[in-house]
Amino acid sequence: MRSDKAFDTLYTRFCFGGKSLSMRMLAFSLLVAALSLAANSQTPPEKEPAKANSRPADQQKKAEPFDGADAATMAKQCVTLDTEAGVIIAEMYPEHAPESVRSFLNIAELGYLNTTTFDRVVPGFVIQGGNFWTREGGVTFEIGSRGRRTLPDEPNKVLHTRGILSMARGEEANTATTNFFILVGDAPHLDGSFTAFGKVTKGMDVVDAINGAKVEGEKPEKPVRIKTATVSECRQ
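Under this note's numbering, the residues of the sequence shown are numbered 27 to 262, in order.
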């Protein structure tokens with residue numbers, strides 16, 4: 027970087043030397059331009075301000091207990107829902123809906139269904155649960171992300187009869203997440219359109235009791251909570 031003393035010396039030499047006025051003015055202009063270029067070449071470029079992240083970085087999918095399990099392994103597993111109204115036990119049909127069964131076993135084994143409620147009740151038709159946002163104390167980022175993960179539709183030959191577990195979804199295809207319903211009566215209009223993936227083997231009286239609760243629209247006045255959901259080998 028130039029010093030003030032050096033500048034004064036050059037200024038005196040060029041501006042007060044023995045040259046004509048026009049030559050001295052031209053020399054002075056060239057000197058100022060040269061010094062400006064030199065100063066700019068020695069000044070480090072300003073760093074661009076860091077951009078704020080608009081959202082957290084995408085995280086890799088966390089490995090879950092039944093990832094990679096084959097149909098034979100999953101078929102041996104039953105899910106027990108210990109609810110405020112009693113116990114419901116369901117067997118799984120992975121040979122018909124492997125990805126839906128895998129997801130259901132995973133969220134039960136990881137405890138994500140614990141403290142959720144049956145937040146939709148249609149008398150004589152279904153009870154619906156699996157909504158993570160009904161959990162006591164809210165949801166963590168991890169559980170919320172898992173609750174938004176969609177599943178492919180797996181329509182199959184299992185008929186939607188009393189006791190069947192099936193995946194709830196929106197009007198569009200492949201929008202099922204973690205919400206499921208249990209039928210309290212036959213619903214043939216759902217056959218081939220929704221993914222049936224299991225059936226209640228014990229506790230249909232509990233399902234009926236939940237379905238008989240007072241509702242406003244399809245919302246129960248006092249939603250029944252799933253205290254715990256556990257996975258274990260089915261008993262013969």
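Every residue, glycine too, gets a C-beta built ideally from N, C-alpha and C.
No experiment lies behind these values; they were computed from the predicted model shown.
Contact check, GLY224 vs LEU191, beta carbons under 8 Å: Walking along the sequence shown from the start, residue 224 turns up at place 198. Walking along the sequence shown from the start, residue 191 turns up at place 165. Yes, the pair counts as a contact, with Cβ atoms nearer than the cut-off.
State yes or no: is the C-beta of ALA134 within less than 8 Å of the C-beta of VAL105? Here residue 134 is taken as the residue at index 108 of the sequence shown, counted from 1. Here residue 105 is taken as the residue at index 79 of the sequence shown, counted from 1. Closer than 8 Å, so yes.
Short of 7 Å in beta carbon distance, which residues of its chain neighbour ALA101, apart from the five on each side in sequence? Order them along the chain. For the purposes of this step, residue 101 is taken as residue 75 along the sequence shown, with counting starting at 1. Same-chain partners within the cutoff: MET118, PRO120, GLU121.
Using the Cβ count rule (16 or more neighbours within 10 Å means buried), how would you classify ASP179? Counted from its first residue, the sequence shown places residue 179 at position 153. ASP179 is buried by the Cβ-count criterion.
Tell me, to the nearest whole angstrom, how far the beta carbon of THR254 is from that of ASP108; I am working on the premise that it is less than 8 Å. Here residue 254 refers to the residue found at position 228 when the sequence shown is read from its first residue. Here residue 108 refers to the residue found at position 82 when the sequence shown is read from its first residue. That belief holds up - the Cβ atoms of THR254 and ASP108 are roughly 5 Å apart, short of 8 Å.
Is the segment 157 to 164 touching the segment 218 to 236 in the sense that three or more CB pairs, one from each, lie closer than 8 Å? no
With a Cβ-Cβ cutoff of 8 Å, do PRO91 and LEU136 count as a contact? Indexing the sequence shown from 1 puts residue 91 at position 65. Indexing the sequence shown from 1 puts residue 136 at position 110. Yes; because the gap between Cβ atoms is below 8 Å, this pair is in contact.
Count the other CB atoms, across all protein chains shown, that sit within 10 Å of the CB of ALA95; report buried if there are 16 or more and exposed otherwise. On the sequence shown, position 69 is the one that residue 95 refers to. Buried is the call here.
Could you spell out the range, first to last residue, of the beta strand (DSSP E) harbouring ASP212? The residue labelled residue 212 in the question sits at position 186 within the sequence shown. Run containing ASP212: none; DSSP gives neither H nor E here.
Exposed or buried, what is ASN200 when buried is set at 16 or more other beta-carbons lying within 10 Å of its beta-carbon? Translated into the one-based positions of the sequence shown, residue 200 becomes position 174. Answer is exposed; the Cβ neighbour count stays below 16.
What residues are listed by DSSP as bridge partners for ALA116? Position 90 of the sequence shown, counting from 1, holds the residue named residue 116. DSSP, once it has assigned bridges, lists VAL105, VAL226 as partnering ALA116.
If I'm right that ILE115 touches THR227 with Cβ under 8 Å, what's the distance once you round it to whole angstroms? Position 89 of the sequence shown, counted from the start, is the residue given in the question as residue 115. Position 201 of the sequence shown, counted from the start, is the residue given in the question as residue 227. Yes, ILE115 and THR227 are in contact; Cβ-Cβ is about 5 Å, under 8 Å.
Where LEU185 falls, given that 16 or more other Cβ within 10 Å makes a residue buried: For the purposes of this step, residue 185 is taken as the residue at position 159 of the sequence shown. Under this definition LEU185 is an exposed residue.
Assigned exposure category for ARG251 - 16 Cβ within 10 Å defines buried: For the purposes of this step, residue 251 is taken as the residue at position 225 of the sequence shown. Classification of ARG251: buried, given that the 10 Å Cβ count is 16 or more.
Among ALA194, GLY211, ASN182, ILE236, which has the Cα closest to the Cα of ALA123? One-based indexing of the sequence shown puts residue 123 at position 97. When only C-alpha atoms are compared, the closest one is ASN182.
Use the C-beta contact count for PHE207: other C-beta atoms within 10 angstroms, 16 or more gives buried, fewer gives exposed. Within the sequence shown, the letter at position 181 stands for residue 207. Buried, by the Cβ-count rule.
When the Cα atoms are used, what is the spatial distance from GLY229 to GLY196? Numbered from 1 along the sequence shown, position 203 holds the residue referred to as residue 229. Numbered from 1 along the sequence shown, position 170 holds the residue referred to as residue 196. Cα to Cα, the separation comes out at about 28 Å.
For my contact list, LYS151 and VAL210 are in at a C-beta cut-off of 8 Å; report their separation, rounded to the angstrom. Reading the sequence shown from its first residue, position 125 is the one you call residue 151. Reading the sequence shown from its first residue, position 184 is the one you call residue 210. A small correction: the amino acid at residue 151 is Phe; Lys does not occupy that position in the sequence shown. About 7 Å separates the two Cβ atoms, so the contact holds.
Euclidean distance between Cα positions of ARG188 and VAL257: Residue 188 sits at position 162 when you count from the first residue of the sequence shown. Residue 257 sits at position 231 when you count from the first residue of the sequence shown. Using only the alpha carbons, I get a separation of about 22 Å.
Collapsed DSSP secondary structure at GLY189 in the structure displayed: The residue you call residue 189 lines up with position 163 of the sequence shown. Coil, per DSSP.
According to DSSP, residues forming a beta bridge with THR143: The residue you call residue 143 lines up with position 117 of the sequence shown. Its beta-bridge partners are ARG251.
Check each candidate in PRO214, VAL147, VAL232 and name the one with the smallest Cα separation from ASN205. Taking the sequence shown and counting its residues from 1, the one referred to as residue 205 is at position 179. Cα-wise, what sits closest to ASN205 is VAL147.
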